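Trainee:
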Amino acid sequence: PGDERTDLYSLGIILYEMMAGVTPFQGDNPISIMMQHLYEMPRPPILLNPTIPPALSEVILQSIAKNPAERFPTASAMTVALAQALNVPVPAGLSTSQSMNGELDYNPLQPPGLAPGSDLSAAHLQASLPSPLTQLSEDYIQTSIITPVHRTPAPVSTAIPREGISITPLSPVAPLAPPEKPRRKLSGAFVAVIVCIIILVGIAASTAALLALQHQAGATATPNPTAVVVGHVAFTNGRGTFDQVEIDLQNIPAPPAGKTYYAWLDIVSDSGESAMPHWQLCTVQGVVHCLYPGDAQHSNLLQKNDRFLITEENAGASLDIPNPIARLYYAELSHNGVATFDVKKCPSSSATNASNPCR
Numbered sequence: 006p007g008d009e010r011t012d013l014y015s016l017g018i019i020l021y022e023m024m025a026g027v028t029p030f031q032g033d034n035p036i037s038i039m040m041q042h043l044y045e046m047p048r049p050p051i052l053l054n055p056t057i058p059p060a061l062s063e064v065i066l067q068s069i070a071k072n073p074a075e076r077f078p079t080a081s082a083m084t085v086a087l088a089q090a091l092n093v094p095v096p097a098g099l100s101t102s103q104s105m106n107g108e109l110d111y112n113p114l115q116p117p118g119l120a121p122g123s124d125l126s127a128a129h130l131q132a133s134l135p136s137p138l139t140q141l142s143e144d145y146i147q148t149s150i151i152t153p154v155h156r157t158p159a160p161v162s163t164a165i166p167r168e169g170i171s172i173t174p175l176s177p178v179a180p181l182a183p184p185e186k187p188r189r190k191l192s193g194a195f196v197a198v199i200v201c202i203i204i205l206v207g208i209a210a211s212t213a214a215l216l217a218l219q220h221q222a223g224a225t226a227t228p229n230p231t232a233v234v235v236g237h238v239a240f241t242n243g244r245g246t247f248d249q250v251e252i253d254l255q256n257i258p259a260p261p262a263g264k265t266y267y268a269w270l271d272i273v274s275d276s277g278e279s280a281m282p283h284w285q286l287c288t289v290q291g292v293v294h295c296l297y298p299g300d301a302q303h304s305n306l307l308q309k310n311d312r313f314l315i316t317e318e319n320a321g322a323s324l325d326i327p328n329p330i331a332r333l334y335y336a337e338l339s340h341n342g343v344a345t346f347d348v349k350k351c352p353s354s355s356a357t358n359a360s361n362p363c364r
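Residue numbers (this note's numbering): 6 to 364.
1. DSSP beta-bridge partners for valine 348?
2. If I measure Cβ to Cβ from methionine 23 and keep anything under 7 Å in the same chain, skipping five residues before and after, which residues do I get?
3. Expressed to the nearest angstrom, what Euclidean distance is found between the alpha-carbon atoms of glycine 26 and proline 362?
4. Measuring CB to CB, does isoleucine 272 end up less than 8 Å from asparagine 310?
5. Identify the continuous alpha helix (DSSP H) that holds aspartate 33 and give its terminal residues.
6. Closer than 8 Å is the cut-off here; do at least three beta carbon pairs connect the region 252-272 with the region 317-336?
7. How big is the Cα-Cα spacing for alanine 322 and tyrosine 267?
8. For leucine 270, which residues of its own chain have a beta-carbon under 7 Å away from its beta-carbon, when the five flanking residues on both sides are left out?
9. Can you tell me whether leucine 324 is helix, strand or coil according to DSSP?
10. Can the beta-carbon of tyrosine 14 be found less than 8 Å from the beta-carbon of serine 62?
11. Looking only at its own chain, which residues have a Cβ that is under 6 Å from the Cβ of proline 29, when we skip the five neighbours before and after it?
12. Are the Cβ atoms of leucine 99 and serine 81 separated by less than 8 Å?
13. Suppose contacts are defined by Cβ-Cβ distances below 8 Å. Is valine 234 in contact with aspartate 347 by that definition?
14. Looking only at C-alpha atoms, which of Asn54, Leu296, Val93 sits nearest to histidine 216?
15. Buried or exposed: which applies to proline 96, given that a residue is buried once 16 or more other Cβ atoms fall within 10 Å of its Cβ?
16. Identify the continuous beta strand (DSSP E) that holds alanine 336 and give its terminal residues.
17. Taking the Cβ atom as the reference point for each residue, do alanine 328 and threonine 316 lie within a distance shorter than 8 Å?
18. Quick check on arginine 10: does DSSP put it in helix, strand or coil?
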């Protein structure tokens, strides 16, 4: 049969879904979910939402324990545990709710000196009531005069004293109304549970908003994460100008059969990509080390170009421009006096993506 712990179990299921974002038991049909309620313990909610306090996760798991004896015995106990888990003060109503239950109802009709719950004997009642007026003074004679009226005759009682002094008759005493029972106040534990639920709803809403902001920040973050550096390219000054290029790379896999690696110097602003200096690279046990001597005019290779590229090309092919879909490594060149640059892996985004530095 259901009792208070059954209600606290239902409250625990609601708190689990609020904190974890999913129901504790899931299945393809109601029978499967019911069997999980009977025999399986759900995953701790802190594993699904690491932002909630560990103590709150323990309170939720205790409230939905399979053995009713292991659950919280009362809503007050669960409220105190929730307040401690959330590091908030325990509601003051919990300390006064018990004293309210022990108050005795005041009965205004109870004679003074009679203990609550004792029987009212006839002798006690007779002794406590005032004595009735049973006799009149011999100096008075009571008579009744009936005054006729046009529609409804009404008897009128009057007292005529022997010496001409009248006595007003006693009016009947109206019965006392039963005392109004004091209204029951809301239980302090019930109010505390409502307050804790409101706090948990606020925490769940804040967590959901934080996760949404993190997801949005991740979606709008820069599409080019920090690329892996595989080596360096350096422009050397042979005859007063940067007319040679030295390449040192590590952890470079050997090209597939029928393919070879080529290095390119590229002017990004030159859409035609004409007359691009390029030369073949060789890989020995994952290491590339070679020197490009430049042209016969000893042209300044650093001043003229903005980017260094490595592509995978068909072996023995005649090349004019780098393969747009097989660009593997790159280095962005600058003209501020620096002559050595990091060589990085090209990002995996599309070659036509404007944010791709290898496009």
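Positions of the beta carbon are idealized from the N, C-alpha and C atoms, including for glycine. What you are looking at is a predicted structure, and each value in this text was computed from that prediction instead of being measured.
Mentor: According to the data block:
1. Its beta-bridge partners are Gly236.
2. Taken in chain order, the residues that qualify are Leu205, Val206, Ala209.
3. Cα to Cα, glycine 26 sits roughly 40 Å from proline 362.
4. Contact: yes.
5. In the DSSP assignment, aspartate 33 falls outside any alpha helix (DSSP H), carrying neither H nor E.
6. By the Cβ test, the region 252-272 is in contact with the region 317-336, since at least three Cβ pairs between them sit closer than 8 Å.
7. If I take the Cα positions, the gap works out to 11 Å.
8. Around leucine 270, the same chain offers Met281, Pro282, Leu306, Asn310, Phe313 as residues with beta carbons nearer than 7 Å, after the five sequence neighbours per side are excluded.
9. Here leucine 324 sits in coil by DSSP.
10. For the pair tyrosine 14 and serine 62, the CB atoms are not nearer than the 8 Å cut-off.
11. Cβ-Cβ distances below 6 Å link proline 29 to Tyr21, Pro47 in the same chain, with the five nearest sequence neighbours on each side left out; the list follows chain order.
12. In this structure, leucine 99 lies near serine 81, with their beta-carbon atoms less than 8 Å apart.
13. Yes, they are a contact pair.
14. The sequence as given places leucine at residue 216; histidine does not occur at that position. Among Asn54, Leu296, Val93, the Cα nearest to that of leucine 216 is on Asn54.
15. By the neighbour-count definition (other C-beta atoms within 10 Å, threshold 16), proline 96 is a buried residue.
16. Counting along the chain, alanine 336 sits inside the beta strand (DSSP E) bounded by residues 332-337.
17. What sits at residue 328 in the sequence shown is asparagine, not alanine. Taking 8 Å as the Cβ cut-off, asparagine 328 and threonine 316 qualify as a contacting pair.
18. Helix, per DSSP.
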